[in-house]
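Asker: Protein chains in written order, with this note's numbering: chain Y, 19 to 230; chain V, 494 to 1275. Note that the Cβ used here is the ideal one computed from N, Cα and C, for glycine as well. Here it is, the structure, as structure tokens.
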């Protein structure tokens, strides 16, 4: 008898318990909000000899609703031979409303960021220093015609001593050639020293580049 | 004419049997042990051990040995000997138990209480291997995380993410395959994550029990590798007393400070049977240092609180418990890699290229976890030999992970997960005269998970139900046990469809049976052999089913599989125990074959994120077997000298990929020696000890599954000195330990941050424990 009584209590308790925990909050799915993402990254060029001569290249990331990259789209960079161009970085996060200008935020956090610009192919290893925009470890291919392009960063951050950033730079082209431009943004919180190694990459893309 | 005497004789035959069985059922278990002088370690003859409030008592023989019969349940024992301080203690009896007493001469003004108990207090399955960490061994882990504290148990190691996140690994398995009980409540958090450490304050425990082997019967799905049970001390029952204890721990490495305080008591005559405890812990540490450099941002903050209240009356009792655990853990700078090439360059650098000055400050990336548990439990002794228990528990776990931000000024976490869990457990235990005992029960669980910000796993609702029965039969030298269980899980996930921007509602059902069969044969009082076969299952966890995203610091893009089936473990265990005063051997051999084992496989594809390429890993299933041996030997050539040797050997093979199983712990050997000096003037119980820990290199790894080869073997030396001091009649236990005495730079295979940095260097640990009496029950003063 006593067992039966307890079994009844137990069943009642279990039923109450299940009734008590039918919560609905799990069904109201919140949208996915990432703190930061990059959907579009562009380089905008102005010929130093002719301010009306502008060009650009753009890399676009197609995202799904989980902010995972499902596809990419990139445009070709075409520059005139034997010219000097001023280059400006322009990056967007279009998942936010209004559209968030990532490059402005990078300017705010310039002491943590460093851009690298590596033309390929190259026929000899680039000089690596804390003012070089070239990427250590880039493959050297003496048998391939090189892309005749050199890059110098033109802006400084507020570290002491100041280090380069690369939001603005000057591209100098040589004879007509073709190849790729690898563009990397390094994120180096409390670690920036002008070199490539510290930190991690926020952006790492390649543009097909033609100098004509 | 003939029939009546026959019936009579039958009755006459039965009467004594019935009477005998009645006696057996009321005093079923034996308690035995030794009584020694705490200083000289000599056995004390003719000491009295009595049950307070009961009629039973025993007197020790020439060798100091005694034996008592006991009921199931709480038992208040008192050990007395002329010229010595008496010891009062309350033990929980649910099996044969060994309790030894060390008495202190009354001439010394020392109220020494040391209880040595080698028992399996509430092992539901007697034939599975159970290791218990308690007493001095547990005290020597104070200040460490739960995972690190358990490394001294053979067959147990940790899976780490840097120095502050450690998950316990039993027989090569971790995460949701190991069940963790916090004061009887199965910890329900985000266990699936590799960098999600168990949310338990080890200062709560006065005993940590580790069941090595599949124990699905009592605890349901998920316990396919084992169970870790963190048990607080039983609440005091001595009416009118109030006691306290303060623990303080300081460590030179990471400059850790931990402080824990506890008050407990039992009310007096006005409300006998009511007792309570309040306990809190505060812990803070800064950057950890390896032998050659500091690890930036490896600080930790923790604050924990627990409260318990219990009321016992005759044959029923009710108990309430609440605990809260909050932690904030810094994740080492430079480990938040954005791409595969970043990870490879970190590995090739071998040491952090940026070094940082020491700091307690915890910067991004970090994680915070808040875990609250509330439980209410009642029991009722229906008869002397049967008991009904009901427990309801509610848990809320909130985990927030903050990543390193590069391009935004957001204050929000990257990932926010909050899981609510209600559980109800019903258990009926019985013992009858004929050697049978067992338990039957039912469990229910409801879980809901809510996520915000970034996507990693979906929201879900889960209903679980299970029913089980376990029966034991003891006959002479034999013990047999068998059990069966059925579980059902209903899981509904609300995933945000990544492409169609709508909510995908998927409902899945899992069900499975668990069985166990075991036997123990006692060759002599000292030697026994046990064999156990257990079958247990684990449904796929929600991350294995639905994860779709970047694993922050591993340069992995993980893809779940919604069609995964349940894992099925077939675990065979054989263990041999030999225990005498001079030699103690525990040998366990196991073979755990898991069908449909869920693991991550590299797809060979790359995911192209903005920051570069990430390796794609997809969840898949296969058959894996784990084979191993755990061996523990303790030799006591002298009463004051103890030599301990522990060996854990494991071998895991994935039959589906025809290769080794990744992240299998390598061979681990731990050899130690302890010497008890006795008393040195004001220093009592002076103890000095040293351990040598050798961890081999893991050569058995599958190619292509890891980013770097396993690190080399390493050898560490730990040493410690412990003693008790009497200051103003207050006893203080002091322990000074040095871990990694020779400051060896090493990496551990089971630490995910071995890609980035070495393990911690030399660490000097100071531990102080001061138990004190606030109110005393004057009846006990002799």
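(1) Can you confirm whether residue 221 of chain Y, when its beta carbon is compared against all beta carbons of chain V, has any partner nearer than 8 Å?
(2) Classify residue 115 of chain Y as buried or exposed, calling it buried when 16 or more other Cβ atoms lie within 10 Å of its own Cβ.
(3) Among Y/185, Y/191, Y/58, which has the Cα closest to the Cα of residue 166 of chain Y?
(4) Short of 8 Å in beta carbon distance, which residues of its chain neighbour residue 964 of chain V, apart from the five on each side in sequence? Order them along the chain.
(5) According to DSSP, which residues form a beta bridge with residue 66 of chain Y?
(6) Residues bridged to residue 769 of chain V by DSSP?
(7) Any idea which residues DSSP pairs residue 551 of chain V with across the strands?
(8) If we call anything under 8 Å between Cβ atoms a contact, is residue 987 of chain V one with residue 951 of chain V?
(9) Which residues bound the beta strand (DSSP E) around residue 649 of chain V?
(10) Taking residue 562 of chain V and residue 554 of chain V to be in contact with their CB atoms under 8 Å, please state how far apart those CB atoms are, rounded to whole angstroms.
(11) Name the DSSP beta bridge partners of residue 924 of chain V, please?
(12) Measuring straight from C-alpha to C-alpha, what distance separates residue 837 of chain V and residue 740 of chain V?
(13) Go through its chain and collect everything with a Cβ distance to residue 516 of chain V's Cβ below 7 Å, but skip five positions before and after it.
(14) According to the Cβ coordinates, are residue 1207 of chain V and residue 1242 of chain V closer than 8 Å?
(15) Please report how far the alpha carbon of residue 607 of chain V lies from the alpha carbon of residue 883 of chain V, in whole angstroms.
(16) Do residue 572 of chain V and residue 540 of chain V have their C-beta atoms within less than 8 Å of each other?
(17) If you measure between the beta carbons of residue 60 of chain Y and residue 76 of chain Y, is that distance less than 8 Å?
(18) Express the C-alpha separation of residue 905 of chain V and residue 810 of chain V in angstroms, rounding to a whole number.
(19) Nearest-angstrom Cα distance between residue 1066 of chain V and residue 202 of chain Y?
(20) Taking the alpha carbon of residue 161 of chain Y as the reference point, which residue from Y/145, Y/124, Y/139 has its own alpha carbon closest?
(21) Would you identify the three-state DSSP class for residue 816 of chain V, choosing helix, strand or coil?
(22) By Cβ distance, which residues of its chain are closer than 6 Å to residue 506 of chain V, with the 5 residues on each side in sequence left out?
(23) In whole angstroms, give me the CA-to-CA distance for residue 565 of chain V and residue 586 of chain V.
(24) Less than 8 Å between the C-beta atoms of residue 661 of chain V and residue 580 of chain V, yes or no?
(25) Establish whether the CB of residue 79 of chain Y and some CB of chain V are separated by less than 8 Å.
(26) Is residue 680 of chain V near residue 688 of chain V, with beta carbons less than 8 Å apart?
(27) Give the C-beta separation of residue 1317 of chain V and residue 717 of chain V to the nearest angstrom, bearing in mind that I take them to be a contact with Cβ-Cβ under 8 Å.
(28) Could you name the residues of the same chain whose beta carbon sits closer than 7 Å to that of residue 664 of chain V, not counting the 5 residues immediately before and after it, in chain order?
(29) Shorter than 8 Å from the beta carbon of residue 207 of chain Y to some beta carbon of chain V?
(30) For chain Y, check one thing: does any of its Cβ atoms lie closer than 8 Å to the Cβ of residue 451 of chain V?
(31) On the three-state DSSP scale, how would you describe residue 696 of chain V?
(32) Figure out for me which residue from Y/96, Y/132, Y/176, Y/120 has the closest Cα to the Cα of residue 63 of chain Y.
(33) Our contact map puts residue 701 of chain V next to residue 631 of chain V with C-beta atoms below 8 Å; I'd like the distance itself, whole angstroms only.
(34) Kindly say whether residue 58 of chain Y, judged by its beta-carbon, lies nearer than 8 Å to any beta-carbon of chain V.
(35) Could you tell me which whole beta strand (DSSP E) segments of length 3 or greater appear in the segment 997–1078 of chain V?
(36) Roughly how many angstroms separate the alpha carbons of residue 858 of chain V and residue 827 of chain V, rounded to a whole number?
Answerer: Reading from the atomic positions:
(1) yes
(2) exposed
(3) Y/191
(4) 929, 930, 931, 974, 975, 976
(5) Bridge partners of residue 66 of chain Y: none, in fact.
(6) V/758, V/802
(7) V/542
(8) yes
(9) 649–653
(10) Not a contact, Cβ separation roughly 16 Å.
(11) V/930
(12) 44 Å
(13) Legend: pLDDT at residue 516 of chain V = 35, less than 50; position of this residue unreliable, value from coordinates given subsequently. Result list for residue 516 of chain V: empty, nothing under 7 Å.
(14) no
(15) Reliability of the predicted coordinates at residue 607 of chain V is poor, the pLDDT of 35 falling under 50, and the value obtained from them is presented with this limitation in mind. Rounded to whole angstroms, residue 607 of chain V to residue 883 of chain V spans 33 Å at the Cα level.
(16) yes
(17) yes
(18) 46 Å
(19) 55 Å
(20) Y/139
(21) strand
(22) Note that residue 506 of chain V scores a pLDDT of 33, beneath 50, so its modelled location is shaky and nothing firm can be said.
(23) 5 Å
(24) no
(25) yes
(26) no
(27) Residue 1317 of chain V is absent from the model: chain V starts at 494 and stops at 1275.
(28) 648, 705, 718, 719, 1083, 1085, 1119, 1121, 1143
(29) yes
(30) Residue 451 of chain V is absent from the model: chain V starts at 494 and stops at 1275.
(31) helix
(32) Y/96
(33) 7 Å
(34) no
(35) 1020–1031, 1041–1044, 1049–1052, 1060–1072
(36) 9 Å
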